[in-house]
Amino acid sequence: MIDIQEKLKEIGPYVEAPDDYMLVCRCEEVTKGEIRKAVHEGFFTIEEIRRYLRSGMGLCQGQTCGKLVKGIVSRELKVAPTEVEPAVSRAPMRPMEMEILAEDGGVAHE
Amino acid sequence: MSRVADTIIIGGGVVGCAAAYYLAKAGNSNVIVLEGTKSIGHGGSSRNGGGVRQSGRDVRELPYAMYGIKNLWPNLSEELGVDTEYTQKGNLRLGKTEEHLKKLNTLASNAQSVGLDVRMVDAKEVKEICPYLADDIIGASWCPTDGHANPLTTTLGYYKRSLEMGVKYYTDAPVKELRKIKGKVRQVVLNDGTVFEGESIILAAGYESREIARTVGVDIPMTRLIDEALVTEMQPHMFDIMLGTAGGDFYGHQAHHGSFVFGSDSGYEVVTDMKDPSAMETNSLTLSASCRAIMSYVPALKDAKIVRSWAGWLDNAFDGVPFISRVDEAPGLILACGFTGHGFGTAPAVGLMLSQMVAGEETVVDISALRYDRFKPIR
Amino acid sequence: MKIERYDMIVVGAGPAGLSAAIEAAKRGIKPIVFDENQRPGGQLFKQIHKFFGSKEHKAKIRGFKIGEELLAEAEQYGVKVVLNATVIGLYPEKEVTVRIGDEVKHYKGDAVLVATGAAENMVNFKGWTLPGVIGAGAAQTMMNLHHIKPGNRVLMLGSGNVGLVVSFQLLQSGCEVVALADAAPRVGGYGVHAAKVSRCGVPFYLSHTIVEAEGTDHVTGVVIGQVGPDWKVIPGTEKHFDVDTICLAVGLSPMSQLLKQAGCKMADTKGGYVPVCDEDGATSVPGVYAAGDVSGIEEASSAMIEGRMSGATIAEYLGYITKEEKESRVNELEAQLDTLRQGMFAPKNRGKLVEKTEEGIDVSMNLLEKGYVAQDEIERYPGVTKSKGIHPVIECTQNIPCNPCQDACKMGCIMIGKNITSLPAVDSNHKCIGCGMCVASCSGQAIFLVEEDVEPGYGEVTMPYEFLPLPEVGDKGMAYGRDGREVCAAEVTKVRTSKAFDHTNLLTIKVPNEMLMTARFYKAK
Chain E
30 MIDIQEKLKE
40 IGPYVEAPDD
50 YMLVCRCEEV
60 TKGEIRKAVH
70 EGFFTIEEIR
80 RYLRSGMGLC
90 QGQTCGKLVK
100 GIVSRELKVA
110 PTEVEPAVSR
120 APMRPMEMEI
130 LAEDGGVAHE
Chain Z
170 MSRVADTIII
180 GGGVVGCAAA
190 YYLAKAGNSN
200 VIVLEGTKSI
210 GHGGSSRNGG
220 GVRQSGRDVR
230 ELPYAMYGIK
240 NLWPNLSEEL
250 GVDTEYTQKG
260 NLRLGKTEEH
270 LKKLNTLASN
280 AQSVGLDVRM
290 VDAKEVKEIC
300 PYLADDIIGA
310 SWCPTDGHAN
320 PLTTTLGYYK
330 RSLEMGVKYY
340 TDAPVKELRK
350 IKGKVRQVVL
360 NDGTVFEGES
370 IILAAGYESR
380 EIARTVGVDI
390 PMTRLIDEAL
400 VTEMQPHMFD
410 IMLGTAGGDF
420 YGHQAHHGSF
430 VFGSDSGYEV
440 VTDMKDPSAM
450 ETNSLTLSAS
460 CRAIMSYVPA
470 LKDAKIVRSW
480 AGWLDNAFDG
490 VPFISRVDEA
500 PGLILACGFT
510 GHGFGTAPAV
520 GLMLSQMVAG
530 EETVVDISAL
540 RYDRFKPIR
Chain L
-18 MKIERYDMIV
-8 VGAGPAGLSA
2 AIEAAKRGIK
12 PIVFDENQRP
22 GGQLFKQIHK
32 FFGSKEHKAK
42 IRGFKIGEEL
52 LAEAEQYGVK
62 VVLNATVIGL
72 YPEKEVTVRI
82 GDEVKHYKGD
92 AVLVATGAAE
102 NMVNFKGWTL
112 PGVIGAGAAQ
122 TMMNLHHIKP
132 GNRVLMLGSG
142 NVGLVVSFQL
152 LQSGCEVVAL
162 ADAAPRVGGY
172 GVHAAKVSRC
182 GVPFYLSHTI
192 VEAEGTDHVT
202 GVVIGQVGPD
212 WKVIPGTEKH
222 FDVDTICLAV
232 GLSPMSQLLK
242 QAGCKMADTK
252 GGYVPVCDED
262 GATSVPGVYA
272 AGDVSGIEEA
282 SSAMIEGRMS
292 GATIAEYLGY
302 ITKEEKESRV
312 NELEAQLDTL
322 RQGMFAPKNR
332 GKLVEKTEEG
342 IDVSMNLLEK
352 GYVAQDEIER
362 YPGVTKSKGI
372 HPVIECTQNI
382 PCNPCQDACK
392 MGCIMIGKNI
402 TSLPAVDSNH
412 KCIGCGMCVA
422 SCSGQAIFLV
432 EEDVEPGYGE
442 VTMPYEFLPL
452 PEVGDKGMAY
462 GRDGREVCAA
472 EVTKVRTSKA
482 FDHTNLLTIK
492 VPNEMLMTAR
502 FYKAK
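Residue numbers (my numbering), protein chains in the order written: chain E, 30 to 139; chain Z, 170 to 548; chain L, -18 to 506.
Written out as structure tokens, the structure is:
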């Protein structure tokens, strides 16, 4: 059980940092500051942060920034990076055109 | 640390978070929300296609669906301080056969009877509204006041705002049972034994509500059904309307960000037997089937790349409309579940009504048709 | 809808996947291997350097040659490799959906081996998204597969083996590597790799990280700075370099998404997000296996052994061999893997400072902190001896599992012994004939031939040389020390190339006698 308000008190308020402007998720143009701030607004999981900011939701699906975001979130939460669960993996493993995905030998229903 | 509150809400989805927000807004911020997983909005709230529509709904739902669109959605982003991406540019429900049109006609006249502006349009008008659609569409129903929003930011917006207003949230707090104290449902016991206590208990935990309600002798007549959705990479802006079909092939829209979000199915869903339901695995057939469905109505998207697909559980009520109701034999308990895959668009109105039920006020519209005990044997 | 069925499906035709498929095919299985690339071999075909290890690990063979051998073996045993085949998902009942051409095909395997390898890590600094900031792996792909120079002036971040090897390859391709930086206080990769970069004149900046990539629409410069104990840059320590390319070699992350999608139990480890596997590579999902970097970052040699182990394990799982047959094969492979995991760079020593060699000799701190062994340190190692006639000088100062030099010398001058990680020693009882086989065989390019008094006051140094254009006899230039600084004028007296040297040319230069233990590289004027 995680008491969100308790945890927010524990980690203290968001304090601006000089490198907050830096892009972390380049596919969706999410900055380090946005991610840091979101943690202090009560978004503690990668799942929530993805949904709130779109980090890791673009073309590469977090292949590039996943580890970086995890590092930032864990530092804000004052926990080890291994305690921050990465996002789940879903098909398709690579971006793929609808026209190609549609051709799997199945027949469209009417 | 107080584990006693005026209201305990079980389920940190869009309905639970909205209820918490409207309670706090009315000055009742002594509220605790318990989310069973580690993330707010982990269930259907973040897995749906974002429709905010009235057309196509059961007449029992229409009054509060219309109320929400008229009174709550327009200012929601401003109220929450989070962009919900609410877009009210209409909904086309497409038909390719005479049978489809017949079905759409019936839905439209039912909706018109309770005052909704929805009408039938022909193939030519369909193309005028959305030029990207397929040529074999022969007609559609058109509801100009329908629209869509971003379910992710809406759910998290309700969470963020209510948290700021003092609502207490607990995640990773799965509920094991409800307990009555002197005949009234007061206690909520977690798997780890922690006990929370409140005057009112709102049960808004999707399909999991059924197991929880059973612990005080109430069975909610619903089942669960898996459903899938997918998202494309960013596309140039094409259209703002929400799309659906008479045949239920797919639904979806283009998000502000440029991606298209669609929900569809392969037909295998009804026999899905997932070893671990919490895994919410996608099916190997559905991604391809969904693309065929989408392309047959929006051929212009054939080259759009899918970047991800996902699945989520619907909590399907036996008759397709939710249970939003106090429970006579379990005083203190308020149900808000069984949304059957179309709860997102009505969540603001439902949240507001739940806050009114807690306060003992009359709800903004009459929802007596959504009682928990409406199931009657068919013979 | 059709589902094609196979005993064994392998995802990834890299060293692990191919080795597994070959091993299984030898037992009678007909595996199918999918790879999203247009060529098989994974990273092997980017590896133009000679591998370390012993004969059984294919030591002193260049990576791409190992790749060719694997492919030939795969063909010999009838392994079906499907290229340009992108796996979309791994579903229950071991179903794999694959994009092949313009369609999607469904396959089911009784066993599925995921050998998808790893992807490069990134770091954030101001300007990291500018064109010109690239991964070291990307630089390798450009150079070694597509024959494109990644840039002209390059800064490398990362002193692990990838950073060191790629720096050397950048130099070989004609780039100028202006500096090699690493936030860590010590060089992470093999000392011999560092030494060969260092003597070419690349300065090492340990405890330094990138402050900023400069430029508006592409990289025009870089600023690095020294990091303090809190990993933050100490103000005033910033250094600027004009570069057009910044190469990042900051580690790899397993591409384990497919295993995660399949519902395999995962673990978040220091080596990345990996499936929880038993010793044979079986994941928590029955019939789903993992091998190679996807199950924990190592290198190609161990990936190939792990792949073979998975192949044998799957052969037993599918009833093609008995448990005893599998165990005896796995034990044999495990022994090979164990030798690879010995020495100073063994997984158990990761992050630790090893101060003494197995022989009890002090490790060169200059090598760890600057990238080269200092003049006053070199003579304490057993491969470095002085004698009148021609003899090898083996500047191998760290215990790594590698021994081709011992076999290369037909005269018996070089001794490593049974322990593969021991430092090579020169046995002066055996007479060196100056054949140069040891020089060419050393994957670390750490062996030199030295001969005093070839003519009055002058001697000769023979060194491994892998640059073009190849100098010619009579060319005059400068000799450089281990630290990459000019030491004296030098004249090329011999240039030897031979098939047996496998593209490592032997360059002999004439320098004054007193420079024989200093001159380690040559550049034309």
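All residues carry an ideal CB built from backbone N, CA and C; glycine is no exception.
Beta-carbon proximity check, residue i vs residue j, cutoff 9 Å
i, j, result
"residue 24(L)", "residue 122(E)", "no"
"residue 192(L)", "residue 206(L)", "yes"
"residue 507(L)", "residue 130(L)", "No answer is possible for residue 507(L): the residues shown for chain L start at -18 and end at 506."
"residue 539(Z)", "residue 491(Z)", "yes"
"residue 327(Z)", "residue 233(Z)", "no"
"residue 187(L)", "residue 200(L)", "no"
"residue 343(L)", "residue 421(L)", "no"
"residue 244(L)", "residue 356(L)", "no"
Any C-beta of chain Z under 9 Å from that of residue i
i, result
"residue 360(L)", "no"
"residue 267(L)", "no"
"residue 109(E)", "no"
"residue 73(L)", "yes"
"residue 133(E)", "yes"
"residue 78(L)", "yes"
"residue 87(E)", "yes"
"residue -18(L)", "yes"
"residue 141(L)", "no"
Residue i at chain L interface by Cβ criterion, 9 Å
i, result
"residue 445(Z)", "yes"
"residue 170(Z)", "Residue placement at residue 170(Z) cannot be trusted, given a pLDDT of 48 that sits under 50; what the coordinates show is reported in the next sentence. No, no contact with chain L."
"residue 139(E)", "Reliability of the predicted coordinates at residue 139(E) is poor, the pLDDT of 41 falling under 50, and the value obtained from them is presented with this limitation in mind. By this cut-off, residue 139(E) is not an interface position."
"residue 57(E)", "no"
"residue 34(E)", "no"
"residue 62(E)", "no"
Reduced DSSP category for residue i - H, G, I as helix; E, B as strand; rest coil
i, result
"residue 170(Z)", "With a pLDDT of 48 at residue 170(Z), under the threshold of 50, the modelled position of that residue is not reliable, and no figure is offered here."
"residue 138(E)", "Reliability of the predicted coordinates at residue 138(E) is poor, the pLDDT of 47 falling under 50, and the value obtained from them is presented with this limitation in mind. The answer is coil: DSSP assigns residue 138(E) none of H, G, I, E or B."
"residue 388(L)", "helix"
"residue 105(E)", "helix"
"residue 345(Z)", "strand"
"residue 289(Z)", "strand"
"residue 57(E)", "coil"
"residue 467(Z)", "coil"
"residue 482(L)", "helix"
"residue 242(Z)", "helix"
"residue 295(Z)", "helix"
"residue 502(L)", "strand"
"residue 274(Z)", "helix"
"residue 443(L)", "strand"
is_contact[residue i, chain E] using C-beta, thresh 9 Å
i, result
"residue 106(L)", "yes"
"residue 67(L)", "yes"
"residue 509(L)", "A question about residue 509(L) goes unanswered here, because the residues of chain L that appear run from -18 up to 506."
"residue 578(L)", "The question about residue 578(L) has no answer, for chain L in this structure spans -18 to 506."
Q) Counting pairs of Cβ atoms below 8 Å between the region 476 to 493 of chain Z and the region 372 to 383 of chain Z, do you hit three or more? A) yes
(Q) If the cut-off is 9 Å on Cβ atoms, which residues from the region 438 to 462 of chain Z count as contacting chain L, listed in chain order? (A) Residues are counted here when their Cβ sits less than 9 Å from a Cβ of chain L; for the region 438 to 462 of chain Z these are 443, 444, 445, 448, 450, 451, 452, 453, 454, 456 and 457, given in chain order.
(Q) Give me the subset of the region 401 to 414 of chain Z whose CB atoms are less than 7 Å from a CB atom of chain E, sorted by chain position. (A) 402
Q: May I ask you to list, following chain order, the residues of the region 239 to 267 of chain L that have a beta carbon less than 7 Å from some beta carbon of chain Z?
A: 244
(Q) Counting beta carbon pairs with one atom in the region 464 to 474 of chain Z and one in the region 81 to 88 of chain L, are three or more of them shorter than 8 Å? (A) no
**Q.** Where the region 204 to 225 of chain Z meets chain E: residues whose CB sits under 8 Å from a CB there
**A.** 207, 208, 209, 210, 211 and 215
Q: Examine the Cβ distances between the region 259 to 272 of chain L and the region 286 to 293 of chain L and report whether three or more of them are shorter than 8 Å.
A: yes
(Q) Using 8 Å as the cut-off, can you tell me whether the region 111 to 122 of chain L makes contact with the region -16 to -1 of chain L, which would need three or more C-beta pairs spanning the two stretches below that distance? (A) no
Q: Assess, as a yes-or-no matter, whether the region 299 to 314 of chain Z is touched by the region 195 to 209 of chain Z under the definition of 3 or more beta carbon pairs within less than 8 Å.
A: These segments do not touch.
Q) In the region 420 to 436 of chain Z, which residues sit with their C-beta less than 9 Å from some C-beta in chain E, listed in chain order? A) 426, 428, 435 and 436
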